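Colleague: Residue numbers (this note's numbering), protein chains in the order written: chain R, 1 to 283; chain X, 1001 to 1283. Quick reminder that beta carbons are idealized off the backbone N, C-alpha and C, glycines included. Just so you know, these numbers come straight off a predicted model, no measurement behind them. Supplied in structure tokens, the structure appears directly below.
Protein chains: 2
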Amino acid sequence: MRDVYDAAYQGRPGAFSEMAAWEMLGESARLLPYDDLEDVFAWVGNGNPKYGVVPIENTNGGSIHRTYDLFHEKGLVHIVGETVRKIEHSLIAGEGMSLSDVREVYSHPQALAQCSQFFHTHRRFFKGVAAFDTAGAVEKVIRKELKFSAAIAHRRNAEIYGGVVLADNIQNTENFTRFLLITREGEAKIDPTRSTKATIVFHLKHNPGALSKALQPFASRGINLTKIESMPRRGNPFEYEFYVDVVAEPGKADNISKAITEVKRFTTWLGVLGIYPAWRGEK
Amino acid sequence: MRDVYDAAYQGRPGAFSEMAAWEMLGESARLLPYDDLEDVFAWVGNGNPKYGVVPIENTNGGSIHRTYDLFHEKGLVHIVGETVRKIEHSLIAGEGMSLSDVREVYSHPQALAQCSQFFHTHRRFFKGVAAFDTAGAVEKVIRKELKFSAAIAHRRNAEIYGGVVLADNIQNTENFTRFLLITREGEAKIDPTRSTKATIVFHLKHNPGALSKALQPFASRGINLTKIESMPRRGNPFEYEFYVDVVAEPGKADNISKAITEVKRFTTWLGVLGIYPAWRGEK
């Protein structure tokens, strides 16, 4: 019998984070919904639930800065896994509704933005209303039997909350969200048959070329850079910190720690948010 | 007498983009409000109005990917200037309203997010409602005399639309937005007494260390990197393009073009979105 773990995610049953949690922990995990991302970090940082599943970036919207900030603010959790999910949105309403009845559309602001072209086409008829999450929007529209209202969420929510799908795949373009598995204690199990990813953040010494030099230790060990982003430092909006994801080939995970030791020569501060198996689907 | 230009911005009178346009073009510029960012790019790309003012990044929310995308999609405009504005939000309502009357708060989803702590404190009482822009939210709440409703926007909008400020400086933290001045034709006037910035985008050849090598030509000429971000390529979510801002010291603008020529040796494609005077306030 395999272990069963508790895991926290932000949103309601049916949220994309819940599906990402299933994928990483298996359907036997006990998945616990939380209202706020802050709470997921706070409780997992407390040690119970053991795991949390949080979104970190979206191919349309970019990095989720709030998530990066929470790693800093809470400072107690690290990354032990990742997965990537395709984001598909449907327009969902209560039984008996048809597309022409819809006047208001509820969803998370990011989901509303991800369907902006669908809105653009129908803008004379639809008004977007912000909700805290996509599944919660469906729950609200259906349980409260809101007249003239629909919600944007994954089609699975129509089954969960007992609604109908009025329009399917209404997202603007192909759209993927990357989710991280976080925990307080315990290292990720590095699998020698899989690529290993590391997420690090650092502050550079002030000189031209500092970034180029800081990346060189990865380059010289054949470690690929898969993501880089400068972000303004809190309190110093014109000072930057750099978030970097790097990937080592199967069997070469050790090179990452060696490279990080060298990178530190060019930084004034460096934090490792996690070293973990890279998502299998990623090339 | 100085020239007077037409300039397009997204939003209504009172929007932060309008204030950024004044700052860059002077108060005598004729500023024209447009509903959509798409329209600003389309009309400026058409040559009339001559200028557009668009947000590109925010210290809380990060890069505005839609703006970067529109440089690609429209492909007709380039950057000739930049400015940075502090974003300050107030809660504004019609005359006679008080804070305890407010049940619904209208604003752009990003502005709602930027005031999330204010919302968190009052969440039992306030419901956020998404609007297309901050000034438009104030206009709606006041002109339609919406009961129990307020809007989040810069306090200036209370004067413009005839409302009252119920709460001031309700944004979570210090928060700055960077705006770009775009045009179809004509180069930026490089001022030898000011730093010069360049915004470039490129695709790298596939090999470890490609990014480190591609940044080296800037480093060797003493050109500072002020922003870097990898973004998934449209259509190829697991291929990346790199957006980079670099700054040369006053009098050394020529070094930028020389460095770019060298950088091309390490890229499969490189585009220059603009070479322009850096904002004076930035260190």
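1. Sort Q1171(X), I1200(X), T1268(X) and S1220(X) by Cα distance to S1116(X) and report the nearest one.
2. Examine the Cβ distances between the segment 1168–1182 of chain X and the segment 1082–1096 of chain X and report whether three or more of them are shorter than 8 Å.
3. Quick check on F1071(X) - is its C-beta less than 9 Å from some C-beta in chain R?
4. Three or more C-beta pairs under 8 Å: does that hold for the segment 1181–1192 of chain X against the segment 188–199 of chain R?
5. Since T67(R) contacts I79(R) with CB under 8 Å, what's their CB separation in whole angstroms?
6. Among the residues of its own chain, which have a CB less than 6 Å from the CB of T1059(X), if the five just before and after it don't count?
7. Would you call L1112(X) buried or exposed, if buried means 16 or more other Cβ atoms sit within 10 Å of its Cβ?
8. Hey, quick one: how far does the beta strand (DSSP E) through D1006(X) stretch, first residue to last?
9. Between N46(R) and chain X, is the shortest Cβ-Cβ distance under 9 Å, so that the two count as touching?
10. Out of curiosity, what's the CA-to-CA distance linking S195(R) and G274(R)?
11. With 8 Å as the C-beta to C-beta threshold (strictly closer), list the residues of the segment 1098–1109 of chain X near chain R in chain order.
12. Three-state secondary structure (DSSP) at K283(R)?
13. Under 9 Å between C-beta atoms, does L215(R) make it to chain X?
14. Do you know how far the Cα of V1141(X) is from the Cα of D101(R)?
15. Counting only the same chain and skipping the five closest in sequence on each side, list residues whose C-beta sits under 8 Å from that of G52(R).
16. Could you say which of T1134(X), E1018(X) and E1038(X) lies nearest to E999(X) if we only look at CA atoms?
17. Could you tell me whether the segment 264–271 of chain R touches the segment 1013–1021 of chain X, using the rule of 3 or more Cβ pairs below 8 Å?
18. Name, going along the chain, the residues of the segment 115–135 of chain R whose beta-carbon falls closer than 7 Å to a beta-carbon of chain X.
19. Taking only beta-carbon atoms, is A1210(X) less than 9 Å away from chain R?
20. Would N169(R) pass as an interface residue toward chain X - the criterion being a Cβ-Cβ separation below 9 Å?
21. Taking the alpha-carbon positions, what's the E139(R) to V1105(X) distance?
22. With 16 other CB atoms within 10 Å as the buried threshold, where does S1090(X) fall?
23. Would you check if the distance between the CB atom of L1025(X) and the CB atom of L1031(X) is smaller than 9 Å?
24. Note down, in chain order, each residue of its chain lying with its Cβ closer than 7 Å to the Cβ of I256(R), except the 5 sequence neighbours on either side.
25. Could you tell me which chain X residues have their CB closer than 9 Å to the CB of R156(R), listed as they occur along the chain?
Modeller: The structure says:
1. Q1171(X)
2. As far as the Cβ criterion goes, the segment 1168–1182 of chain X touches the segment 1082–1096 of chain X, which means the pair count is three or higher.
3. Not one chain R Cβ lies under 9 Å of F1071(X).
4. Contact fails: fewer than three Cβ-Cβ distances are below 8 Å.
5. Not quite, the Cβ-Cβ distance comes to about 11 Å (not below 8 Å), so this is no contact.
6. Excluding its 5 nearest sequence neighbours in each direction, T1059(X) has C-beta neighbours in its own chain below 6 Å: N1175 and F1176, listed in chain order.
7. buried
8. D1006 to Q1010
9. no
10. 14 Å
11. Flagged, chain order: P1109.
12. Legend: pLDDT at K283(R) = 40, less than 50; position of this residue unreliable, value from coordinates given subsequently. Here K283(R) sits in coil by DSSP.
13. At least one chain X Cβ lies under 9 Å of L215(R).
14. Looking at the two C-alpha atoms, the distance is approximately 25 Å.
15. Cβ neighbours of G52(R) beyond the five flanking positions: A7, A8, Y9, V40, F41, W43, V44, V77, L181, I182 and T183.
16. Residue 999(X) lies beyond the stretch modelled for chain X, which goes from 1001 to 1283, so this question has no answer here.
17. no
18. G128, V129 and A130
19. yes
20. no
21. Taking the Cα positions, E139(R) is about 22 Å away from V1105(X).
22. buried
23. yes
24. T196, A198, I223, V246, A248 and I275
25. Ordered by position in chain X, no residue passes the 9 Å Cβ test against R156(R), which lies about 22 Å from the chain.
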